[in-house]
(Lines of atoms letter the chains of each structure in order from A and count residues from 1; the text may use other names and numbers.)
(Lines give C-alpha, C1' and ligand atoms only; values in the text may rest on other atoms or scores of the structure.)
Protein backbone atom coordinates (compact mmCIF):
# COMPACT_ATOMS: atom_id res chain seq x y z
CA UNK A 1 0.00 0.00 0.00
CA UNK A 2 1.39 3.35 -1.04
CA UNK A 3 1.41 6.11 1.53
CA UNK A 4 0.76 9.71 0.55
CA UNK A 5 3.78 11.92 0.00
CA UNK A 6 2.81 13.88 3.11
CA UNK A 7 2.76 10.80 5.30
CA UNK A 8 6.03 9.49 3.84
CA UNK A 9 7.63 12.85 4.66
CA UNK A 10 6.17 12.73 8.17
CA UNK A 11 7.69 9.28 8.73
CA UNK A 12 11.06 10.29 7.31
CA UNK A 13 11.46 13.70 8.92
CA UNK A 14 9.74 13.09 12.27
CA UNK A 15 10.04 9.34 12.92
CA UNK A 16 9.45 9.53 16.67
CA UNK A 17 6.29 11.57 16.19
CA UNK A 18 5.13 9.21 13.46
CA UNK A 19 5.77 6.20 15.70
CA UNK A 20 3.77 7.77 18.55
CA UNK A 21 0.97 8.62 16.11
CA UNK A 22 1.02 5.04 14.81
CA UNK A 23 0.66 3.70 18.34
CA UNK A 24 -2.30 6.01 18.94
CA UNK A 25 -4.00 4.87 15.75
CA UNK A 26 -3.42 1.20 16.62
CA UNK A 27 -4.80 1.64 20.13
CA UNK A 28 -7.76 3.61 18.82
CA UNK A 29 -8.56 0.78 16.41
CA UNK A 30 -8.19 -1.84 19.13
CA UNK A 31 -10.74 -0.14 21.39
CA UNK A 32 -13.29 0.61 18.67
CA UNK A 33 -16.62 -1.19 18.92
CA UNK A 34 -16.77 -1.22 15.10
CA UNK A 35 -15.57 -4.16 13.06
CA UNK A 36 -12.60 -3.45 10.76
CA UNK A 37 -14.63 -3.06 7.56
CA UNK A 38 -17.13 -0.66 9.12
CA UNK A 39 -14.32 1.29 10.75
CA UNK A 40 -12.46 1.70 7.45
CA UNK A 41 -15.60 2.65 5.54
CA UNK A 42 -16.49 5.19 8.22
CA UNK A 43 -13.01 6.66 8.02
CA UNK A 44 -13.36 7.00 4.25
CA UNK A 45 -16.60 8.92 4.78
CA UNK A 46 -14.83 11.31 7.15
CA UNK A 47 -11.89 11.81 4.76
CA UNK A 48 -14.26 12.57 1.89
CA UNK A 49 -16.43 14.92 3.96
CA UNK A 50 -13.40 16.88 5.17
CA UNK A 51 -11.69 16.99 1.76
CA UNK A 52 -8.65 15.02 2.91
CA UNK A 53 -8.27 13.12 -0.35
CA UNK A 54 -4.53 12.34 -0.09
CA UNK A 55 -5.29 9.52 2.35
CA UNK A 56 -8.10 8.04 0.28
CA UNK A 57 -6.03 5.46 -1.70
CA UNK A 58 -4.37 4.05 1.42
CA UNK A 59 -7.63 3.78 3.33
CA UNK A 60 -9.49 2.31 0.35
CA UNK A 61 -6.92 -0.48 0.30
CA UNK A 62 -7.47 -1.08 4.03
CA UNK A 63 -11.23 -1.17 3.49
CA UNK A 64 -10.86 -3.55 0.57
CA UNK A 65 -8.52 -5.77 2.58
CA UNK A 66 -11.20 -5.85 5.30
CA UNK A 67 -13.76 -7.14 2.78
CA UNK A 68 -15.40 -3.94 1.52
CA UNK A 69 -16.85 -4.08 -1.96
CA UNK A 70 -16.40 -1.33 -4.53
CA UNK A 71 -20.05 -0.40 -4.07
CA UNK A 72 -19.57 -0.10 -0.30
CA UNK A 73 -16.53 2.15 -0.79
CA UNK A 74 -18.49 4.39 -3.17
CA UNK A 75 -21.43 4.52 -0.74
CA UNK A 76 -19.10 5.42 2.13
CA UNK A 77 -17.59 8.25 0.08
CA UNK A 78 -21.04 9.56 -0.85
CA UNK A 79 -22.70 9.20 2.57
CA UNK A 80 -21.78 12.78 3.46
CA UNK A 81 -23.18 14.31 0.27
CA UNK A 82 -26.44 15.58 1.83
CA UNK A 83 -24.59 17.06 4.81
CA UNK A 84 -21.54 18.67 3.20
CA UNK A 85 -22.38 18.83 -0.47
CA UNK A 86 -20.28 18.19 -3.54
CA UNK A 87 -16.97 18.19 -1.62
CA UNK A 88 -17.29 14.43 -1.19
CA UNK A 89 -17.43 13.87 -4.95
CA UNK A 90 -13.80 15.00 -5.19
CA UNK A 91 -12.80 11.79 -3.40
CA UNK A 92 -14.49 9.45 -5.88
CA UNK A 93 -11.77 9.31 -8.58
CA UNK A 94 -9.02 8.46 -6.09
CA UNK A 95 -11.21 5.91 -4.34
CA UNK A 96 -12.24 4.12 -7.52
CA UNK A 97 -8.70 4.13 -8.93
CA UNK A 98 -7.30 2.72 -5.68
CA UNK A 99 -9.97 0.03 -5.49
CA UNK A 100 -9.44 -1.06 -9.10
CA UNK A 101 -5.64 -1.12 -8.83
CA UNK A 102 -5.37 -4.60 -7.33
CA UNK A 103 -8.24 -6.42 -8.95
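Residue numbers (full-length UniProt numbering): 1 to 103.
Backbone N, C-alpha and C fix where the C-beta goes; we use that ideal spot for every residue, glycine too.
Predicted, not measured: the structure shown is a model, and the values here were computed from it.
{"query": "With a threshold of 6 Å, establish whether the CB of residue 5 neighbours any heavy atom of the ligand GTP.", "result": "Because no ligand of any kind appears in the structure shown, any question about the ligand GTP cannot be addressed here."}
{"query": "Looking at the structure shown, is residue 34 part of a helix, part of a strand, or coil, going by DSSP?", "result": "coil"}
{"query": "Ends of the alpha helix (DSSP H) at residue 65?", "result": "56–65"}
{"query": "If you compare alpha carbons, which of 24, 50, 85, 39 is closest to residue 73?", "result": "39"}
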